[in-house]
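In case it helps, our numbering puts the sequence shown at residues 1067 to 1472. Glycine included, each C-beta is placed from N, C-alpha and C at the ideal position. From a predicted model like this one, the values you see are computed outputs, not experimental measurements. A quick write-up on the structure given underneath.
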Amino acid sequence: MKFVDEVSIRVQAGDGGNGCMSFRREKFIEKGGPDGGDGGDGGSIYLVADVNLNTLVDYRYTRRFQAQRGENGSSKDCTGAKGEDMFLPVPIGTTVIDAGTQEIIGDLKADGQKLLVAKGGWHGLGNTRFKSSVNRAPRQTSKGTLGEGRDLKMELKVLADVGLLGMPNAGKSTFIRSVSAAKPKVADYPFTTIVPNLGVVRVGSHRSFVVADIPGLIEGASDGAGLGTRFLKHLSRTRLLLHLVDMAPLDLSDPADAAEIILNELERFSPALMERERWLVLNKADQLLEDEQQERVQAVVERLNWQGKVYTISALEREGTEQLCRDIMAYMERRGELIEEDEAFAAQLKELDARIEAEARAHIQTLDDRRALRKAGLLPSDTDDEELDDDWEDDEDGPEIIYVRD
């Protein structure tokens, strides 16, 4: 199943049926009077969140949706049939935006949640509606109103509690494999992860959280380089970020340099996202001796002036991962308690979430505009590492995604 997280579609609700002008004509009944019925309402279009869907690929190739028109009224006071409503299933985590005004129409975050995106037209009135003591044979009717039409942009953001970020080959996929049942691809070359992966981490019998792994970031990612930019938005709904750093890179580079690159790109993408709770996780500790581990940790912490939590782990050998997962679970539970108990804290988090969403959407829109200008030949292509474009999305042999929840 191909992973598609952004689509544009056109929805057109059904028009309302017209009212009927008719007069009763039966044997032995003189001056039967008006009997024209009303038309039927047009069908509306709803988006419905479906827990069984993980991608918007169904809307990649079918982009126009028309709801049924209401039927016209008929004689004998018969009302026209109402047009059937159309229900379009989408994954949980889909944000719906009006493409014309950039207004956020709604956010689907729960299974079965419905969102009206195009209202059906109102029915027309038959001439029976216009009869009165002074107008016993009315010849007036009204037409049904037009159904609402909209161009929509749908964005899918995976819903996860914890987001992983780091350079390519920092060990993010290995980490998610070691702590959950998810099995993302792992190899000894960069960009083995080209789509987000989700895994459920169980801590005890009835305690769990969801972790999301996005493609690795490189320098210039905030301007469209590499694979990670188009997926950075998936971190905007996480509650905690784990910044994974390779303690023993094969190219013998300084781990602190890699960490700084990620922080710079994250800040350029969304300054508000930098305010999200982040923990520093130094990975691949099994590649170093104990004395070297302490030196590397100290050097990275001092270089970054890191004030938050720091963990040293080996995802491959599962050293330190169990304690890290227990601490994450405790943090999630405590965070939930504070939201319920402290209104100020809850309001602060809500405001931060709104800022992150707005900044992420604005940044992605800027990149989309630049991509459109390049395709139109109005902007020169002056970089070798451009963002993924529609050519990648249209590739039928493109990457696949499997969300695993054990």
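- Each residue's CA atom was taken as its position, placing K1209 and G1083 some 7 Å apart.
- Going by C-alpha positions, E1388 is about 8 Å away from V1245.
- Taking a contact to require three or more Cβ pairs closer than 8 Å, the region 1073-1083 and the region 1215-1224 qualify as touching.
- Membership of F1411 in the alpha helix (DSSP H) is indicated by the continuous run 1409-1441.
- Residue L1222 holds the alpha-carbon nearest to the alpha-carbon of D1071 among W1372, L1222, L1354.
- Listed as beta-bridge partners of F1089 by DSSP are P1100.
- Each of D1164, L1230, E1356 was checked against the Cα of L1310, and the nearest Cα belongs to L1230.
- Per the Cβ contact rule, the region 1167-1176 is not in contact with the region 1088-1095 (fewer than 3 Cβ pairs under 8 Å).
- Our two residues, I1111 and D1352, have alpha carbons roughly 55 Å apart in a direct line.
- Distance from the CA atom of E1356 to the CA atom of M1313, rounded to whole angstroms, is 12 Å.
- When DSSP reads this structure, S1244 sits in no beta bridge, so it has no partner.
- Per DSSP, D1124 is one residue of the alpha helix (DSSP H) stretching across 1124-1127.
- For V1117, the number of other beta carbons within 10 angstroms of its own is below 16, and it is reported as exposed.
- Distance from C1086 to G1102 at the Cβ level is roughly 4 Å; contact confirmed, criterion being Cβ atoms closer than 8 Å.
- The count of Cβ pairs closer than 8 Å, one atom from the region 1189-1207 and one from the region 1363-1374, stays below three, leaving the stretches out of contact.
- Distance from M1395 to A1324 at the Cβ level is roughly 28 Å; contact not present, criterion being Cβ atoms closer than 8 Å.
- Bounds of any alpha helix (DSSP H) do not take in E1214, whose DSSP letter is neither H nor E.
- The beta carbons of A1165 and A1133 sit about 19 Å from each other, so the pair does not count as a contact at 8 Å.
- In the three-state reduction of the DSSP assignment, R1400 falls in the helix class.
- When the Cα atoms are used, S1336 and L1301 turn out to be separated by approximately 11 Å.
- Per DSSP, reduced to three states, the secondary structure at M1395 is helical.
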